[in-house]
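Those protein sequence lines, which keep their order, are chains A and B. Per this note's numbering, the very first residue in the first sequence carries number 194; after that it's consecutive. Per this note's numbering, the very first residue in the second sequence carries number 8; after that it's consecutive.
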Amino acid sequence: MTTRTIEMQLSTPTMGPEGQVRNVPLGVARRPSEQMTEDFGAEHMLVNIGPQHPATHGVLRLVVELEGEAVKRVIPHIGYLHSGFEKLGEYRFYNQIIPLTDRTDYLAPMANNVAFALAVEALMGIEITERCRLLRVIACEMSRIISHLVWAGTTGIDLGAFTPFLWMFEERERIYNLQESWTGARLTTSVARVGGMMCDVPEGWEDGLRTFVKTFPKVLREVDSMFTRNAIWCGRTQGVGAMSSADAINYSLSGPMLRASGVDYDVRKDRPYLGYDEFDFDVPIGEHGDVYDRYRVRLEEMFQSVRILDQALDRLKPGPVDVADPRITLPPKSKAMSDMEAMIYHFKQVMEGVKPPVGEVYMGVENPKGELGYYLVSDGTSKPVRWRIRPPSFLNLAALPKLCEGALLSDVIAINASIDIVMGEIDR
Amino acid sequence: MIDGSASPIDPVVDGRSPAATVALDDVTAPSTVAALRARFPTAVIRSLVVSGQTVVYIHAAQSHAVLDWLQTGPLQRFDYLTDITCVEYRDAELPLEVVYQLRSLGRRADLRVKLQLDPDARLEVASVIDLWAGADWLEREAYDMFGVVFKGHPDLRRILMWEGYAEGYPLRKAFPLRGHWSRAEQTRQALQSNPEAYYSLEELSIADAYHELPQDVKDRLAASGRVLP
């Protein structure tokens, strides 16, 4: 992103945590925490936030040690949603794992499905068809948009702005309707299969997406005008929870968190998968690494996703979706019922599943939350020896104690919201 | 490159174009292994390329020195720790592996480092939290799920399972899918342990409330016991 510096009227320059001068609106300037120590003495207080609290975005428990209103320490407790997906995956066929991936990052299920299929295909060395590739790009970018919409809406609510939440969720419904007409499910899509997709998009679906692509940027620009120069929003987010690029790398942050800190790394650009290198899009990079920059990066990413969707729709041509190898994908049902050979393959597929060769692969993709990595180890059977999920928001949340250093209690809510966590993925 | 021979590693390459990325993969990964063998002749057990990704097996005893060198070495600069995890194979004869996924953001290069441990012996490796702060929760999770002790980790306790969880390490192959205990026993234990009802020893002590506790509660806390309301 060419970071547009926000010039506020009635603002006073203050020093940010990195020593840079930030424009913070008058009246929102903070008192340094040294003054607070005098006011409240050295008495510390523990505040328990969660696990059932709307601002923790799921079942996250934070124990905050306070000195007055200044945060001395934050201890996150996770695991309330632990479901043992990785263990369960060791007892399932590869295609049976795809429904589990829905339930990890349930705010972007399609991107997870695609990532898992890509990992198995990398393990087996499968080349997918052109139409399948473009459908997957569309699925990933639709997921990015709905995930960022939820993020912006709920973060707005956390910081006291209710109206954008309604706009965001209205737009999100439109994508959910598209997902429903494609896959039959709104949330648990399970859209990808090894070597193809569950099904092709229905008749007229592309027109529906094109309408969305045309009308959605207008809503985004309204959100932009509501937030970006809003004095309250800037006061609550600028200079809050800042992290330098060196720290962001050291803490293994990924996705918008990493890029907001000024690190130019996007898996779509630097380890291109699904032919992302053929698409014309920009990667927004932040400057200060604070909550405000994370907002700007995510907002810009939605605009860029719209660009990618537009290009993918232009390139989408009729053709086969699944690879034509009956050992990998199911033969059509009509053929399985009429042709002996197809029936045998169908039976073997259902009873034994796909069998990757002995080996292992780490497949990292750029998910809305950050870099999602699937590490698969195969011993040649139809069930993986190890299916490791590298969850982006788990590692991003691990940096929360560091991000909250020197913050106020109300900043903890803003910082936690800015990480964009989803507990299904953190606890797995 | 250590002994002064010409290095095929380009110090800074903008890996923006996919062709450059592919070339980097092909060139740097084996040369990293070669440099590693030259620097630590006894540490590297073997190296191989699987699905186009380079894997290096090193001796667990030298893991910290090797990983330190990979992070800070002038031509390596694997500054980004992507992941730490463990792999246990279904074949009980095979060793348990601790897997580090490393990445150099500057060179756009990846490397997988593996340590092999005897699954029947005490599982211990050196913590890398002093090298990468991101290793904190990853090591805690590996400890929680596999029982691998990361020596030098300042706060090695369970992370996904609760603190008093006593059934074992869930991702070990010897751990059944539904756990060791019966459903009734698991339910009883889960109801008995009320994680919200108590603060951990650490949280109590940071709030200075620890010193006001009666001695018997302190003793039970020190023995990782429960403080039920």
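Backbone N, C-alpha and C fix where the C-beta goes; we use that ideal spot for every residue, glycine too. Since the structure is predicted, the reported quantities are computational estimates derived from the model, not experimental observations.
Exercise. Could you tell me which residues DSSP puts in a beta bridge with N241 (chain A)?
Key: Walking along the first sequence from the start, residue 241 (chain A) turns up at place 48. According to DSSP, N241 (chain A) bridges with A:V256.
- Message: Since P561 (chain A) and S336 (chain A) should fall inside the 8 Å C-beta cutoff, what is the C-beta to C-beta distance between them, to a whole number of angstroms?
- Response: Within the first sequence, residue 561 (chain A) is the residue found at index 368, counting from 1. Within the first sequence, residue 336 (chain A) is the residue found at index 143, counting from 1. Sure, about 6 Å apart at Cβ, within 8 Å.
### Query
Among B:Y64, B:R84, B:Q78 and B:A173, which one has its Cα closest to the Cα of L124 (chain B)?
Taking the second sequence and counting its residues from 1, the one referred to as residue 124 (chain B) is at position 117. It is B:Y64.
- Message: Using a Cβ-Cβ cutoff of 9 Å, what residues of the segment 152 to 171 of chain B are near chain A? List them in chain order.
- Response: M152, R165, I166, L167, M168 and W169
*Indicate the three-state DSSP secondary structure (helix, strand or coil) for D33 (chain B) in the structure shown.*
As a first step, residue 33 (chain B) must be located in the second sequence, where it is residue number 26. Any reading at D33 (chain B) is ruled out, since the residue's pLDDT is 40, under 50, leaving its predicted position unreliable.
Between the segment 96 to 105 of chain B and the segment 72 to 84 of chain B, do at least 3 Cβ pairs fall closer than 8 Å? Touching, no.
(Q) Short of 6 Å in beta carbon distance, which residues of its chain neighbour K528 (chain A), apart from the five on each side in sequence? Order them along the chain. (A) Here the question's residue 528 (chain A) lines up with position 335 in the first sequence. Correct list, in chain order: A535.
| message | Would V547 (chain A) pass as an interface residue toward chain B - the criterion being a Cβ-Cβ separation below 8 Å? | response | As a first step, residue 547 (chain A) is located in the first sequence; it is residue number 354 there, counting from the start. Closer than 8 Å: no.
Exercise. Is the segment 423 to 439 of chain A touching the segment 549 to 563 of chain A, taking contact as three or more C-beta pairs under 8 Å?
Worked result: no
TODO: Helix, strand or coil for T79 (chain B), going by three-state DSSP, please let me know.
DONE: By one-based count along the second sequence, residue 79 (chain B) stands at place 72. Note: T79 (chain B) maps to helix in three-state DSSP.
**OP:** Could you name each continuous beta strand (DSSP E) segment of 3 residues or more that falls completely within the segment 107 to 145 of chain B, going from the start of the chain to the end?
**Re:** 116 to 124 and 131 to 133
**Q.** First through last residue of the alpha helix (DSSP H) which encompasses K158 (chain B)
**A.** Numbered from 1 along the second sequence, position 151 holds the residue referred to as residue 158 (chain B). No alpha helix (DSSP H) contains K158 (chain B), which is instead part of the beta strand (DSSP E) from V156 to K158.
Can you tell me where the alpha helix (DSSP H) holding M303 (chain A) begins and where it ends?
Here residue 303 (chain A) refers to the residue found at position 110 when the first sequence is read from its first residue. Per DSSP, M303 (chain A) belongs to the alpha helix (DSSP H) from P302 to M317.
* Residue interval of the beta strand (DSSP E) (run including Q60 (chain B)) -> Taking the second sequence and counting its residues from 1, one reaches residue 60 (chain B) at position 53. Segment Q60 to I65, the beta strand (DSSP E) holding Q60 (chain B).
Query raised in the report: When the cut-off is 8 Å and only beta carbons count, does Y96 (chain B) lie next to chain A?
Result: Mapped onto the second sequence, residue 96 (chain B) falls at position 89. So yes, Y96 (chain B) belongs to the interface.
CA-to-CA distance, V406 (chain A) to L502 (chain A), given in whole angstroms
One-based indexing of the first sequence puts residue 502 (chain A) at position 309. One-based indexing of the first sequence puts residue 406 (chain A) at position 213. Each residue's CA atom was taken as its position, placing L502 (chain A) and V406 (chain A) some 7 Å apart.
**Report entry** Near-chain A residues of the segment 74 to 91 of chain B (beta-carbon distance less than 7 Å), N- to C-terminal order
**Finding:** Residues passing the 7 Å Cβ filter: D86, Y87, L88, T89 and D90.
Exercise for review: Identify, in the order they occur along the chain, each residue of the same chain with its Cβ nearer than 7 Å to the Cβ of L55 (chain B), setting aside the five sequence neighbours on each side.
Suggested key: Taking the first residue of the second sequence as 1, we reach residue 55 (chain B) at position 48. Cβ within range, chain order: V62.
Practice prompt. Identify the continuous beta strand (DSSP E) that holds K265 (chain A) and give its terminal residues.
Written response: Reading the first sequence from its first residue, position 72 is the one you call residue 265 (chain A). Taken as a continuous stretch (DSSP letters only), the beta strand (DSSP E) holding K265 (chain A) covers A263 to H270.
Nearest residue (CA-CA) to Y176 (chain B), options B:P126, B:I52 and B:A50
Here residue 176 (chain B) is taken as the residue at index 169 of the second sequence, counted from 1. Checking every option, the nearest Cα to that of Y176 (chain B) belongs to B:P126.
request  = Tell me whether the beta-carbon of V456 (chain A) lies closer than 8 Å to the beta-carbon of I442 (chain A).
outcome  = Indexing the first sequence from 1 puts residue 456 (chain A) at position 263. Indexing the first sequence from 1 puts residue 442 (chain A) at position 249. Taking 8 Å as the Cβ cut-off, V456 (chain A) and I442 (chain A) qualify as a contacting pair.
Check your understanding: Counting only beta-carbon atoms, is L184 (chain B) nearer than 8 Å to chain A?
Key -> Taking the first residue of the second sequence as position 1, residue 184 (chain B) is located at position 177. L184 (chain B) counts as touching chain A.
Helix or strand or just coil, what does DSSP make of Y287 (chain A)?
-> Walking along the first sequence from the start, residue 287 (chain A) turns up at place 94. Y287 (chain A): helix per DSSP, three-state reduction.
**Residue from A:E399, A:L359, A:A610 and A:G573 whose Cα sits closest to the Cα of M317 (chain A)** = By 1-based counting over the first sequence, the position of residue 317 (chain A) is 124. With distances taken between Cα atoms, M317 (chain A) lies closest to A:G573.
Handout entry: Per DSSP, cross-strand counterpart(s) of V570 (chain A)
Key = Position 377 of the first sequence holds residue 570 (chain A). In DSSP, V570 (chain A) forms a bridge with A:E553 and A:R579.
Quick one: what's got a C-beta closer than 6 Å to R254 (chain A)'s C-beta in the same chain, skipping five residues either side? The sequence position of residue 254 (chain A) within the first sequence is 61, counting from 1. Around R254 (chain A): G243, P244 and H270.
Determine which residues share a DSSP beta bridge with G563 (chain A) and list them. For the purposes of this step, residue 563 (chain A) is taken as the residue at position 370 of the first sequence. Paired residue(s): A:N560.
Residues in the segment 437 to 453 of chain A with C-beta within 7 Å of chain B's C-beta atoms, listed in sequence order? I442, N443, Y444 and S445
Of all the options A:A592, A:M303 and A:R296, which has the alpha carbon lying nearest to the alpha carbon of G282 (chain A)? The residue you call residue 282 (chain A) lines up with position 89 of the first sequence. Nearest of A:A592, A:M303 and A:R296 to G282 (chain A), Cα basis: A:R296.
Thinking C-alpha only, which one of B:P221, B:A67, B:V94 and B:A116 is nearest F85 (chain B)? Along the second sequence, read from residue 1 onward, the residue named residue 85 (chain B) stands at position 78. Of the listed residues, the one whose Cα sits closest to F85 (chain B) is B:A116.
Are any of the Cβ atoms in chain B nearer than 8 Å to that of H275 (chain A)? What you label residue 275 (chain A) is simply residue 82 of the first sequence in a count that begins at 1. H275 (chain A) counts as touching chain B.
Below-8 Å beta-carbon distance, V57 (chain B) vs any chain A residue: Start at 1 with the first residue of the second sequence, and residue 57 (chain B) comes out as number 50. Cβ-Cβ to chain A under 8 Å: yes for V57 (chain B).
Quiz item: Can you name the residues of chain A whose CB is closer than 9 Å to the CB of A140 (chain B)?
Solution: Stepping through the second sequence from its first residue, residue 140 (chain B) is reached at position 133. The contacting residues are D440, N443, Y444, S445, A591, A592 and K595.
Review point. Residues in the segment 259 to 274 of chain A with C-beta within 7 Å of chain B's C-beta atoms, listed in sequence order?
Key: So the close ones are R266, I268, I271 and G272.
So is V543 (chain A) buried or exposed if we call it buried at 16+ other beta carbons inside 10 Å?
Locating residue 543 (chain A) in the first sequence gives position 350, where the first residue counts as 1. Per the 10 Å Cβ criterion, exposed.
Once DSSP output is grouped into helix, strand and coil, what is the label at L509 (chain A)? By 1-based counting over the first sequence, the position of residue 509 (chain A) is 316. It is coil, neither helix nor strand.
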